[in-house]
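**Q**
Residue numbers (the numbering used here): 3 to 123.
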């Protein structure tokens, strides 16, 4: 990761914390342009910013990209599962639960998985 990218990511994370999701989104996008290594974390951050802006199709696309890079990428799988659970349609809820089950197999101590698993039961 180059220094310029780290600065953009740090700034984007700050904007996200301050709930300036549009600015965070723009900064995450710029950081991706300078990515020299694996960009899965930044892509999940990008997806979360899209979700906060209620751009659900782009959220799904952004969560899917890290999974294309690493099929067991927990952060993206959990994000997709939550996205599906929030649709509140029977089929999407089933898909969300299946994704959470898969993530649990990969990382049984993941706090997000444990939290959502508890809520489902």
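Virtual Cβ for every residue (Gly too), placed ideally from N, Cα, C.
Roughly how many angstroms lie between the CA atoms of residue 62 and residue 56, to the nearest whole one?
**A** 11 Å
**Q** Quick one, are the C-beta atoms of residue 102 and residue 83 less than 8 Å apart?
**A** yes
**Q** What residue ranges within the stretch 14-72 form continuous alpha helix (DSSP H) runs of no fewer than 4 residues, ordered along the chain?
**A** Listed in chain order, the alpha helix (DSSP H) runs fully inside the stretch 14-72 are 23-35, 42-54, 58-71, counting runs of at least 4 residues.
**Q** How big is the Cα-Cα spacing for residue 10 and residue 64?
**A** 18 Å
**Q** Along the alpha helix (DSSP H) that carries residue 101, what are the first and last residues, could you check?
**A** 92-108
**Q** Give every residue of the same chain whose Cβ lies closer than 6 Å to the Cβ of residue 18, excluding the five residues on either side of it in the sequence, and list them in chain order.
**A** Same-chain partners within the cutoff: 26.
**Q** Short check: CB of residue 44 to CB of residue 33, under 8 Å?
**A** yes
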